[in-house]
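See below for the structure under consideration.
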Amino acid sequence: MKTLLVLLLVALGTSGGQNPPVVPFEKHAELTSDTPIDELVFGRLKQLKIQPAGLCSDAVFVRRVYLDAIGTLPTAEEARRFLADRDPHKRSKLVDQLLARDEFADYWAMRWSDSLRVKAEFPINLWPNAVQAYYRWIHTSVKKNVPYDRFVREMLTASGSNFRVPAVNFYRAVQNREPKTIAAAVALAFMGARTEKWSEERRAEMSVFFSQVGYKSTDEWKEEIIFFDALAKPAKNGAETVLPDGTRRRLLPGEDPRAVFADWLTRSENPWFARNITNRVWYWLLGRGIVHEPDDLRPDNRPSNPELLAYLEEELVASKYDLKHIYRLILNSKTYQLSCIPRTNHPDAEANFAYYPLRRLDAEVLIDALCQITDTTEEYSSLIPEPFTFIPREQHSVALADGSITSSFLETFGRPPRDTGLMSERDNRPSAAGQLHLLNSSHIRHKIEQSEKLRQVMRSGRNPAEKVRNLYLTILSRPPTKEELLVVRDYANSGQIKRWEVMVDLAWALVNSAEFLYRH
Amino acid sequence: MIPEIVFPSGTSGTPISRRTAIKSGLLGAAGVLLAGRLGLAAPTGARPPKAKAVIQIWMWGGPAHLDTFDPKPAAGYDYCGPLAKAIPTNVEGIMVGEMLPLLAKQADKYSILRGMTHGVNAHETASYLVQTGRQPGRHVFPCVGAVVSRFKGYAAGYEGLIPPYIVLTQPQGRFSEAGFLGARYKPFATGGDPNQKRFAVEGVVAEGISDQRQKSRRGLLADLNTLKHAMKGNRQLDALDQCEKQAYDLILGDAGKVFDLSEEKDELRDRYGRNTFGQSCLAARRLVEQGVRYVTINYKGWDTHKQHFQTMRRKLPEMDKGMATLLADLADRGLLESTIVWWGGEFGRTPKVQWEPPWNGGRGHYGRVFSTVVAGGGFKGGQVVGASDEKGENVAQRLIYPCDLIASMYELLGIDPNAPLPHPQGLAVRVTPSADEGVSSGGRLKEIM
C-alpha cells in the first residue's frame, strides 16, 4: 500500500502542476491520500488512469459541507469566520461541529421520512396525528444517533398503537397490507433490494415473515393497533421459514416471525444490511452510490469499488452501527473534498468519484436557503384531511413532517411524493417551470425586493465594494472575485438603474446562478 | 401548482422534438413503437378525434342543481326558496333556472346531464371521484387534465411554449391533479387576476419590471455565472441553460402575449363580464385558440351552506354571462366543434333548503344526484340526459357516474380508455377503470355523442 501511495503522490504531484487551480473554486494543494477512503478511491483512479479533480477551495468546502451535512447554507458570518480561520485542521473541526448541530437531525429526518414514506394521505394514509408521532420518533432517533441496527429493529418488531408506539407506523406506511407489499417495503428500505427482481418463490418466502402482522382499530379516531396476530396464516406454529439468503429456520410456538427476520437482518454478517446503509450514506453525500442505483443491490449490479464499500461496511459494524462515524469518515476524506470541475472526460470518472458531482439543491433546502438569505418565511397549511394542519412560519421546510402538505414550490422543484420509498422519487432535474419561477415569479421577487435583511447587508458596507462583498458572502458564501466586482461596477454605471435596484438585480442574479442553485 | 414544463424530447434536455426526431430518423423503429404505446396511433374507428381541447369550469364547492340546470318549480318553497321560476330556453322543452337567461339562449349548444351521481357528500372524496372517475383507494390517480396532458401534451407532439395544461388562476388542490403520473403532468397555475389591467401570470409577467430591465438583468446573470463559465460543456448546466432559455421565451417572447387580454375588443370583454370569472373564460378561449389542450377555470365560492340565495343572486348572473359568452364566442370562431366545455362541481346541493339555524336558508352537500353540463368537441347540444325525481333528490332516469362522463370525453379526444397509464411501480392500470375494479358505471354518453 505504501509504495502505491508514493507512486500516486508522484503522479498526482506532476499532473497537479499542469492544472493551476480554478479560482475561486479550487485550492492550490497537493492531493494526498490522507484516509483509507482516499487510498481506495485514488488507488482505483490511478489503476484506471483517471485524473482526479483538484482539491476544492475553503469557500466551496464550507458551503458544500453545510449543505451536505445539515441541509442549510452557512450564514455570511459563519462563512467569513471559516475562511479567516488559520487552523490547518479547520475542515475536520467544522465537520464535527456540524454533526452536532440541531439541523443535522432535521435534515436527516427528512431523508429518512422520504424512504420511510411519512405522509398523511394517498396512497400511504398515515393521517396527520400518526405522521407527527412517526416523524417525531424518527427525528429523535436521528438526534440521539441511535445505533442504526437498533433503529431498524425497533421498527420491524414494533407492536402497539400508532399514536403511542410510533415505530409501528412502519407497517402502516405501505400502499396495502398484503404480506408481499410489506416484505417489498422492508427489502427496499433496509436491504436496498427490489423484490420485483426476485423470483416469485423468494418473494413468497420473505412474505411469510410479515404474514402475521395484525391491524385493528380502536374507539379513538384514526387510532390503529399493530400486533402480532398468532392466528393468521400461513406462518403456523412450527412452520419452516426461509430467509432471503436461503437460511432455513423453524418458528417456535408463539414466536413472532418479524423478530426472527429482524435478528437475521441485523446480524453483522448479513450481506445486505450494512452494505445498503453505507452505500446510501455515500450516495447522499457524494451524489452517486458505490452501487448505482443506490437502492438496487443485487449480485449482477456490481459496486464500482468493492473494496471501498467493504471498508465502509466494516467500519459501520466495528463502530456498533454509529452512522455519524460513517458521515465523519466520508466528510473528512479528500475524495469528498475534490472540486466539482472534472479534469478528464474519462467515461468512468463519475462512477469512480474522480470529482464532486453537481446536484441541484433539494426543493426543501432550496426554499430554506432563499428564506435564509432574505430572512423571509413560508406559509404551509393543510386543510384536508382533518385535523387541519398549520405550520408555524419560522419552521424550516426541511423540517416539514408530512410529505403530503401542499406546496407548489416544493412540487415544482421535485420533492418526492413519498409513495414508494424509491430514492429516484426525488427529482432534481431542472425544469422550465422552475426557472420561470426563480427568474420571474412574484414569490421570489418579493422575497428579494422586500427583504429587510438584504437592505441591512446593503447598509452594512462602508463602500460599494464592501457592500457587494457582504452580499456575496450572504448568498454564495464567498467574497467576489476581481472580475465579478468589475462586472457589478459596470452594471451600476451602465445608466438609469437606481442604486437599490442594482443590489436587487445583483441578488437576483446570484440566486439564479448555477453556483447558488447547485451543490458544487 | 406549477408543473415541470417538459422538454419536447423528454428528460435529456436536448431541444429536439419527437416529431423532428422521427422526421430525421433519429428514433427510427423505436419511435414508431413509442408512438403506438402512447396511443398516438389512430384511435379505434380510425376517424380523427373530434375534440382537441377541453375547457373545464370547475364549480368549486358544489353548485345547487335546483337553482341552475335542474329547476323544480313544482317542488314548492321548501325546495326552491325565492328562486321558484324556471325559464324556457331556445330548445323546445328544456327549462333552466331563472337566474340563467343568457345561457337559456345558448341551450342548443350544450347538453345537461341530470342523472349524475356518486353518492358521496365529502368535498375531497367527491372531488377525487368526479375528476378521476375512481373511488379513493391506495393509489392516487391523475385527474382528467393530467391524463389529457399525458396523451395530448409534449409526449404526443405538442410543441407550444405555453404548457398544455393550464389552471386559471389557482390550483384546485390535491385531488385534482397528476397523481402517480408525477409533477410533469401537473397544471400550470397562472396566478394573477385576468380582470386586472395587466394579467400578471406568475413567472411570465412581472409587474414593474420593464422588458429592458429584464434584458439587462439577464445579461448580468450571464456575466456573473462564474461556476458555469468554469464548467463549460457540463451536461447538467447545459440542461439548466435550456430551461432558462425556454423561460425567457415566455417572459420576453411572443408566446406570453396570449395572456394579454387587452388585445381583445372592449366590447367583447364587456360581454364576457368584467370580473375574474368572465375574463377567465376569455383567457381560456385565447389559450385553446393557441392550441393549449386543457384549461381549468377554478371557479370558487359555490359551497353555500349559509346565505345561499344571496350568493346565487350575486354569482349566477356572473356565471351566466361568462359561460354563455364563452359558448357563443367559441361557436362564432368555429372552435366549439373541437373544444369540450365541461361545467360542474364535485356534487350538487341538498334540494330541500335548510331553513333551520345555523344555516338559515342554506343548502348542504349532495352527491346522490346532481347536474353537469357538457358542450362541444363532439357532444351534441340541446339535449338532456337522465333526470332527477320531482324534488331533485334521486336519479329517476339514466344513472351517470363520473367515470361515464370521463370515458366519453376521452373517446371524443381520441384517448383510448383502455390504454395503459404509466405507473411508478409498474402496476397495470388503465386510463379508465375496468369493471373488475368495482367501479359503478351507467355507460358512456352515447345519447349525445
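If you read the sequences in order, they're chains G and F.
Going by this note's numbering, the first sequence opens with residue 218, and the numbers climb by one from there.
Going by this note's numbering, the second sequence opens with residue 574, and the numbers climb by one from there.
We put the beta carbon where it would ideally sit given N, CA and C, even for glycine.
Under 8 Å Cβ to Cβ from A680 (chain F), same chain only, skipping five residues before and after it: list those, please.
If you ignore the 5 residues before and after A680 (chain F), its C-beta comes within less than 8 Å of the C-beta of T662, N663, V664, I667, V669, G954 and G955, all in its own chain and listed in chain order.
Note down, one range per segment and in chain order, each alpha helix (DSSP H) of at least 4 residues found wholly within the stretch 268-310 of chain G.
Correct list: 275-287 and 293-301.
Could you check which residue in F:S961, F:W928 and F:P930 has the C-alpha nearest to that of S944 (chain F)?
Looking at the Cα atoms, F:S961 is the closest of the given residues.
Report the option in F:H638, F:A626, F:Q629 and F:K623 whose CA atom is closest to the CA atom of L889 (chain F).
Between L889 (chain F) and the set F:H638, F:A626, F:Q629 and F:K623, the nearest pair of CA atoms involves F:H638.
Taking the alpha-carbon of V277 (chain G) as reference, which of G:A375, G:P516 and G:R695 has the nearest alpha-carbon?
Of G:A375, G:P516 and G:R695, the residue nearest in Cα terms is G:R695.
Cα-Cα, which of F:R847, F:G654 and F:A729 is closest to K770 (chain F)?
Per the C-alpha coordinates, the member of F:R847, F:G654 and F:A729 positioned closest to K770 (chain F) is F:R847.
A626 (chain F), enclosing beta strand (DSSP E) - first and last residue:
Residue range A626 to M632 is occupied by the beta strand (DSSP E) that includes A626 (chain F).
Can you confirm whether M632 (chain F), when its beta carbon is compared against all beta carbons of chain G, has any partner nearer than 7 Å?
Chain G, which has no Cβ nearer than 7 Å to the Cβ of M632 (chain F), makes this no.
With 9 Å as the C-beta to C-beta threshold (strictly closer), list the residues of the stretch 497-529 of chain G near chain F in chain order.
Cβ contacts with chain F come from no residue of the stretch 497-529 of chain G.
Give the single residue among G:T623, G:L578, G:Q589 and G:V582 whose Cα lies nearest to the Cα of E596 (chain G).
Measuring from the Cα of E596 (chain G), the nearest candidate turns out to be G:T623.
Do P930 (chain F) and E966 (chain F) count as a contact pair if the criterion is CB distance below 7 Å?
Taking 7 Å as the Cβ cut-off, E966 (chain F) and P930 (chain F) do not qualify as a contacting pair.
Check whether the Cβ atoms of W875 (chain F) and G692 (chain F) lie closer than 7 Å to each other.
Not in contact: W875 (chain F) and G692 (chain F) (Cβ atoms no closer than 7 Å).
Whole-angstrom distance between R465 (chain G) and S330 (chain G), CA atom to CA atom:
Each residue's alpha carbon lies about 33 Å from the other.
Across which residues does DSSP place H802 (chain F) in a beta bridge pair?
According to DSSP, which records beta bridges pairwise, H802 (chain F) is partnered with nothing at all.
Could you have a look at I355 (chain G) and say whether DSSP puts it in helix, strand or coil?
In the three-state DSSP reduction, I355 (chain G) falls in the helix class (H, G or I).
Residues bridged to K433 (chain G) by DSSP?
Bridge partners of K433 (chain G) according to DSSP: G:I442.
From the beta carbon of L702 (chain F), is the nearest beta carbon of chain G less than 7 Å away?
It does not; no Cβ of chain G falls within 7 Å.
Residues of the stretch 657-691 of chain G whose Cβ lies closer than 8 Å to any Cβ of chain F, in chain order:
Taking 8 Å as the Cβ-Cβ cut-off, the stretch 657-691 of chain G approaches chain F at N657, S658, S659, H660 and R662, given in chain order.
Identify the residues that DSSP records as bridge partners of M689 (chain F): which are they?
Under DSSP, M689 (chain F) shares a beta bridge with F:F943 and F:I973.
Please report the distance separating the alpha-carbon of T705 (chain F) from that of E919 (chain F).
One C-alpha to the other measures close to 11 Å.
Give a yes or no on whether the C-beta atoms belonging to E671 (chain F) and C716 (chain F) are separated by under 7 Å.
Remark: C-beta atoms of E671 (chain F) and C716 (chain F) do not approach each other more closely than 7 Å.
Quick check on this structure: which residue in G:L284, G:I692 and G:I341 has the alpha carbon closest to the alpha carbon of D211 (chain G)?
Residue 211 (chain G) lies beyond the range of chain G shown here (218 to 737); nothing can be said about it.
List, from N- to C-terminal side, the alpha helix (DSSP H) runs of 4 residues or more that fit wholly inside the stretch 510-557 of chain G.
Counting whole runs of 4 or more residues, the stretch 510-557 of chain G contains the alpha helix (DSSP H) stretches 523-535 and 540-548.
Note down the Cα distance separating A571 (chain G) from Q268 (chain G), rounded to an integer number of angstroms.
Annotation: A571 (chain G) to Q268 (chain G) spans about 7 Å, alpha carbon to alpha carbon.
Of all the CB atoms in chain G, is at least one closer than 7 Å to the CB of P997 (chain F)?
Output row for P997 (chain F): interface = yes.
Can you pull the chain G residues whose beta carbon is under 9 Å from the beta carbon of E891 (chain F), in chain order?
Under the 9 Å cutoff, chain G gives no residues; its nearest Cβ is about 25 Å from E891 (chain F).
Distance check for K336 (chain G) and V348 (chain G), CA to CA, integer angstroms please.
If I take the Cα positions, the gap works out to 6 Å.
Secondary structure of M672 (chain F), DSSP reduced to three states
The answer is coil: DSSP assigns M672 (chain F) none of H, G, I, E or B.
Listed by chain order, chain F residues near A618 (chain G) by CB distance under 8 Å:
Annotation: A618 (chain G) has no Cβ neighbours in chain F at a cutoff of 8 Å; minimum Cβ distance is about 17 Å.
Integer Cβ distance of D579 (chain G) from N645 (chain G), believed to fall under 8 Å:
Confirmed, Cβ separation roughly 7 Å.
Is any beta-carbon of chain F found at less than 7 Å from that of G233 (chain G)?
Because the pLDDT at G233 (chain G) is just 43, under 50, the model does not fix this residue reliably, and the value given afterwards should be weighed accordingly. Answer no: the Cβ-Cβ gap between G233 (chain G) and chain F never drops below 7 Å.
When DSSP labels each residue in this structure, what does I575 (chain F) get in the three-state scheme?
Residue confidence is low: I575 (chain F) scores 36 on pLDDT, short of 50, so the model does not pin down where it sits. No coordinate-derived value is stated.
Opening and closing residue of the alpha helix (DSSP H) in which L333 (chain G) lies:
No alpha helix (DSSP H) holds L333 (chain G); DSSP gives it neither H nor E.
Hey, out of F:V720, F:I630 and F:G917, whose CA is closest to A992 (chain F)'s CA?
The shortest C-alpha separation from A992 (chain F) is found at F:V720.
Neighbouring residues, chain G, relative to Q809 (chain F) (Cβ below 7 Å):
The answer, in chain order, is L575.
Which chain F residues are close to D636 (chain G), counting only those with a beta carbon under 9 Å from its beta carbon?
Against chain F, a Cβ distance below 9 Å from D636 (chain G) picks out H712, V713, F753, P997 and Q998.
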